[in-house]
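Structure first, then comments.
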Amino acid sequence: SPPPQRRILGGYLPVVVGVVVMALVVALLPSRAPIAATAGGLPTAGAEGQAVTGDVEPCPDRELQVPESPYSPPCFAFDGDNGGATSRGVSADTIRVAYRVTPDTDYASVIQQMASVDFEPDTPESVQRTLRVLTDWFNQNFEFYGRKIELVPYDGKGTVVGEIFGGGQDAATADAVKVDSELDVFADISAITEPYANALTRRGIISLSPPYVSDEWFHERRPYGWSLTPSCTLVSKAATEYGTKRLFGEPARWAGDGLQGQPRKIAVISPDNPEYQRCADEGEAVIREAGFDFLRLTYTLDLATMSNQATSLVAKLKSEGITSVGCACDPLLPVFLTSKATEQGYNPEWLVMGTALTDNDFAGQLYDQEQWSRAFGASALGDTLPLTGTEGYLAYKSLADDEPAFTTPLLYFQLYLLAIGIQMAGPDLTPETFELGMLAYPERYGEAGTWKFLPGKYTPQIDAREIYWDPERISAFDLQPGAYVPGRQRYRLGEVPTGDPEVFDNAPPPPDEPDAPPGGASTTTTSSPATGETTP
32 SPPPQRRILG
42 GYLPVVVGVV
52 VMALVVALLP
62 SRAPIAATAG
72 GLPTAGAEGQ
82 AVTGDVEPCP
92 DRELQVPESP
102 YSPPCFAFDG
112 DNGGATSRGV
122 SADTIRVAYR
132 VTPDTDYASV
142 IQQMASVDFE
152 PDTPESVQRT
162 LRVLTDWFNQ
172 NFEFYGRKIE
182 LVPYDGKGTV
192 VGEIFGGGQD
202 AATADAVKVD
212 SELDVFADIS
222 AITEPYANAL
232 TRRGIISLSP
242 PYVSDEWFHE
252 RRPYGWSLTP
262 SCTLVSKAAT
272 EYGTKRLFGE
282 PARWAGDGLQ
292 GQPRKIAVIS
302 PDNPEYQRCA
312 DEGEAVIREA
322 GFDFLRLTYT
332 LDLATMSNQA
342 TSLVAKLKSE
352 GITSVGCACD
362 PLLPVFLTSK
372 ATEQGYNPEW
382 LVMGTALTDN
392 DFAGQLYDQE
402 QWSRAFGASA
412 LGDTLPLTGT
422 EGYLAYKSLA
432 DDEPAFTTPL
442 LYFQLYLLAI
452 GIQMAGPDLT
462 PETFELGMLA
472 YPERYGEAGT
482 WKFLPGKYTP
492 QIDAREIYWD
502 PERISAFDLQ
512 PGAYVPGRQR
522 YRLGEVPTGD
532 PEVFDNAPPP
542 PDEPDAPPGG
552 ASTTTTSSPA
562 TGETTP
């Protein structure tokens with residue numbers, strides 16, 4: 032069969048760029064200061080597990096709002112006046128939520144073909160249909176205090192792919208102006224690029240979910256910016272701790288021919304956008320203060336030049352004698368990097384940093400398998416499930432007989448974050464009580480990892496576990512060879528142990544069966560009450 036990059040580029044080049052959209056990779060534009068955000072001192076969290084406002088009592092018949100959901104907030108009972116129009120986009124009956132429909136090419140069909148998933152490719156119509164059904168599910172299952180989420184789709188001028196590739200700020204701003212001036216909404220669940228999220232938060236609209244921006248980005252825009260993906264600040268802190276405790280100063284135990292056993296020389300590759308480089312600067316300073324050195328490389332998120340960039344990157348890595356390559360990158364760059372590494376006879380360790388779905392089985396299956404058999408690192412994700420076993424799919428099928436969009440898990444968890452904030456805020460819903468409600472949400476674990484919001488932390492992930500790639504392990508995602516083997520213990524920031532990584536021949540025996548269901552006994556958590564943070 033043709034090599035991975037030819038298989039991807041041959042036949043559907045115009046749509047492959049959208050894989051990066053699904054991966055929620057970073058946007059390549061600098062940010063501007065917010066207008067409407069209320070940045071300042073960090074908020075004080077209220078009582079955990081309790082609604083922030085109103086005469087709200089625990090349910091007499093159950094502890095959890097949705098007992099079958101591992102991420103469920105506590106169950107609340109309410110019967111009273113919700114205050115009516117407590118905020119823009121909120122009435123006594125509805126909470127209006129925007130969703131931008133863009134003219135991007137169908138990217139989910141690429142994921143389907145790349146991952147060999149027997150599932151209909153997404154269309155704008157299937158995505159909106161899925162969102163409508165999922166919105167109904169949340170309205171029926173969560174406590175919104177007499178209100179219902181009203182989805183407000185609109186045709187945008189911007190394109191997600193264009194904004195991710197470094198353009199589109201004017202169109203993104205125009206879309207945000209339309210939302211602000213015409214739609215009268217409380218939130219927008221389609222803010223999956225930094226330019227669009229930036230323009231919305233500047234206008235006081237809650238935005239889900241700009242990917243891999245810094246903690247400072249969120250703080251400057253609080254309480255309006257929230258995201259499903261870890262902040263690049265947390266990724267940088269976690270990678271720094273993992274490297275200084277388990278990698279630097281040791282031999283490259285799992286490198287291939289010509290590099291195995293040599294003292295580790297580490298390089299980290301990341302996109303050249305300003306927001307991510309701000310996080311990389313912070314991590315580099317800590318590493319150098321600890322007395323270690325590493326090579327820092329950047330690349331441009333441009334599919335047309337990615338193959339040539341990979342050729343140059345591998346040549347640089349090889350000439351510098353790098354034994355171990357960390358890729359804080361999008362899911363496509365390793366396709367090219369691993370292929371070019373094989374072409375150039377370069378056999379390093381590959382360090383998985385958990386960014387942009389690179390820690391998902393379907394992405395790992397796309398990479399050169401001989402190269403990726405030396406891949407290990409950390410992931411904030413939970414247990415791997417087939418699409419038809421995910422929470423989002425099951426929620427959809429509980430209300431509809433047809434099949435949902437391929438991107439259902441993403442759409443579901445976008446809505447889930449919104450629903451958590453609305454329920455935990457209580458009946459007096461405002462952006463400020465939404466923020467306090469998120470902080471009152473108790474810690475939960477499921478397929479998307481361990482969730483807990485903390486002061487100054489606007490993304491849910493709080494821990495991670497070591498993983499390594501086994502090209503022969505059968506993936507629960509698609510029942511095909513090639514899967515990450517998860518470690519048995521999850522670690523929070525500050526709790527990563529010193530010593531060799533517990534991977535490959537140094538790993539405890541993996542379970543015989545696929546990953547346990549979310550919340551199962553196969554995973555334990557090491558917490559750090561002092562910091563409240565964890566490695567992603």
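Residue numbers for the sequence shown follow the numbering used here, so the first one is 32 and each next one is one higher.
The C-beta atom is built at its ideal place from N, Cα and C for all residues, glycine as well.
Look up Asp201 in the DSSP assignment and say whether it is helix, strand or coil. helix
Can you tell me whether DSSP reads Leu182 as helix, strand or coil? strand
Is Leu412 buried or exposed, if buried means 16 or more other CB atoms sit within 10 Å of its CB? It counts as buried.
With a Cβ-Cβ cutoff of 8 Å, do Gln375 and Gln511 count as a contact? no
Among Ser370, Tyr499 and Glu99, which residue has its Cα nearest to the Cα of Gly420? Glu99
Between the Cα of Glu380 and the Cα atoms of Thr275, Trp285 and Leu441, which residue gives the shortest distance? Trp285
Exposed or buried, which one is Leu364 when buried takes at least 16 other CB atoms within 10 Å? Residue environment for Leu364: buried (at least 16 other C-beta atoms within 10 angstroms of its C-beta).
Would you list, in sequence order, the uninterrupted alpha helix (DSSP H) runs of no fewer than 4 residues that lie entirely inside the stretch 285-338? 305-320
Cβ-based burial, Ala78 [other Cβ within 10 Å; buried from 16]: exposed
Secondary structure of Glu474, DSSP reduced to three states: Glu474 falls in the coil class under three-state DSSP.
Rounded C-beta distance between Tyr227 and Gly189? I'm assuming under 8 Å. 6 Å
Measuring alpha carbon to alpha carbon, tell me which residue in Arg119, Val299 and Pro458 is nearest Asp214. Contrary to the premise, residue 214 reads as Leu rather than Asp in this sequence. Closest option to Leu214, Cα to Cα, is Arg119.
Determine the DSSP secondary structure at Phe508, reduced to helix, strand or coil. coil
Cα-Cα separation between Pro20 and Cys263, rounded to whole angstroms: The structure shown does not extend to residue 20, since the chain spans only 32 to 567, so no value can be given for it.
Presumed contact (8 Å Cβ cut-off) between Tyr472 and Pro101, rounded CB distance: Contact flag wrong, Cβ pair sits at about 13 Å.
In this structure, how does DSSP classify Lys488 when only helix, strand and coil are distinguished? strand
Spatial distance of Val356 from Ala298 (CA atoms): 5 Å
Is it buried or exposed for Pro491, if we count other Cβ within 10 angstroms and need 16 for buried? Per the 10 Å Cβ criterion, buried.
Could you tell me the distance, in whole angstroms, from the CA atom of Val128 to the CA atom of Val183? 6 Å
The alpha helix (DSSP H) spanning Cys263 covers which residue range? Cys263 to Arg277
The beta strand (DSSP E) with Thr125 in it runs from where to where? Thr125 to Val132
Straight-line gap, Asn537 to Arg519 (C-alpha atoms, nearest Å): 13 Å
Considering just the uninterrupted stretch of the alpha helix (DSSP H) at Glu251, what are its terminal residues? Asp246 to Arg252
Buried versus exposed call for Ser350 [16 or more other C-beta atoms within 10 Å across all chains shown]: exposed
According to the neighbour-count rule (16 or more other Cβ atoms, all chains shown, within 10 Å of its Cβ), is Asp339 buried or exposed? As written in the sequence, residue 339 is Asn, which differs from the Asp given in the question. Exposed, because fewer than 16 other Cβ atoms sit within 10 Å of the Cβ of Asn339.
Rounded separation between Thr204 and Arg234 - CA only: 10 Å
On the DSSP letters alone, give me the boundaries of the beta strand (DSSP E) that Gln520 sits inside. Gln520 to Tyr522
Using a Cβ distance threshold of 8 Å, determine whether the stretch 442-449 contacts the stretch 381-389, with at least three qualifying pairs required. no
Roughly how many angstroms separate the alpha carbons of Glu94 and Leu442, rounded to a whole number? Their Cα atoms are separated by approximately 26 Å.
Between the stretch 102-121 and the stretch 162-170, are three or more C-beta pairs nearer than 8 Å? no
From the DSSP output, in three-state form, read off Ile451 for me. In the structure shown, Ile451 adopts helical secondary structure according to DSSP, grouped into three states.
Given Thr275, which residues of its chain have a CB within under 8 Å of its CB, disregarding the five upstream and five downstream residues? Val317, Ile318, Ala321 and Phe323
For the 8 Å Cβ check, are there 3 or more pairs between the stretch 326-339 and the stretch 286-293? no
DSSP-derived helix/strand/coil call for Tyr499: strand
Distance, Cα to Cα, Pro435 vs Leu348? 43 Å
Using 8 Å as the threshold, is the stretch 424-432 in touch with the stretch 299-316, meaning 3 or more CB pairs across them? no
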